[in-house]
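Take 1 as the starting number for the sequence shown in the UniProt record's numbering and just add one per residue.
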Amino acid sequence: MAQWVRLCGLGEAPAAGKVMEAEVDGVGICLANVNGKLSALDNVCPHRQGPLGQGWLEGEAVVCPWHSWTFNLKTGLSEYPVHERVDVFAVRVEGEDVLVNLEPEPLEEVEPEAKTSLG
1 MAQWVRLCGL
11 GEAPAAGKVM
21 EAEVDGVGIC
31 LANVNGKLSA
41 LDNVCPHRQG
51 PLGQGWLEGE
61 AVVCPWHSWT
71 FNLKTGLSEY
81 PVHERVDVFA
91 VRVEGEDVLV
101 NLEPEPLEEV
111 EPEAKTSLG
């Protein structure tokens, strides 16, 4: 069941090409803006628990600022090592509010893209 909650105001969201950290209901979120499209991932890198929201974007991936692990914004899969994944959260804008669904997207929802990403 969807758990849509307000993450931030639209004016607080990152500018195009940027990421930011946010927290809602005790969940750390990395919010990214790729060409005006907002995406949300778990804010914690599985490698050394680095804050993804303090990283940067490379195309449609966020790069951890600590050791440069890279995660696809659509699938949450890392490019290296291939089998690591962070949770992906659905995002929508309603009026001036950015909402996030705190129920992570199930892997089967991103599996076709994941298979493409893995070769």
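Beta carbons are placed, not taken as given, at the ideal position from N, Cα and C, and that holds for glycine. Remember, it's a predicted structure, so these values are computed and weren't measured experimentally.
**Asked** Where does G28 sit, in a helix, a strand or coil, going by DSSP?
**Response** Reduced to three states, the DSSP call for G28 is strand.
**Three-state secondary structure assigned by DSSP to G59** = Coil.
**Asked** Can you list, in chain order, the residues of its chain whose CB lies under 7 Å from that of V5, leaving out five sequence neighbours each side?
**Response** V24, D25, L99, V100, L102, listed in sequence order.
**Prompt:** Around the Cβ of L10, are there at least 16 other Cβ atoms within 10 angstroms (buried) or fewer (exposed)?
**Reply:** L10 comes out exposed.
**Message:** Could you compute how far the alpha carbon of N33 sits from the alpha carbon of A40?
**Reply:** Between N33 and A40, the C-alpha separation is close to 9 Å.
**Message:** Closest to E58 by C-alpha separation, out of A2, D87, S78, P104, would be which residue?
**Reply:** Among A2, D87, S78, P104, the Cα nearest to that of E58 belongs to S78.
**Request:** Check each candidate in E96, P14, V88 and name the one with the smallest Cα separation from P106.
**Result:** Ranked by Cα distance from P106, the options E96, P14, V88 are led by V88.
**Item:** Bridge-paired residues (DSSP) for residue 178
**Value:** Outside the shown range of the chain, which is 1 to 119, sits residue 178, and nothing can be said about it.
**Prompt:** Span of the beta strand (DSSP E) holding T75?
**Reply:** DSSP places T75 in no beta strand (DSSP E); its state is neither H nor E.
**Asked** Nearest-angstrom Cα distance between W66 and E94?
**Response** In this structure, the straight-line span from the alpha carbon of W66 to that of E94 is close to 33 Å.
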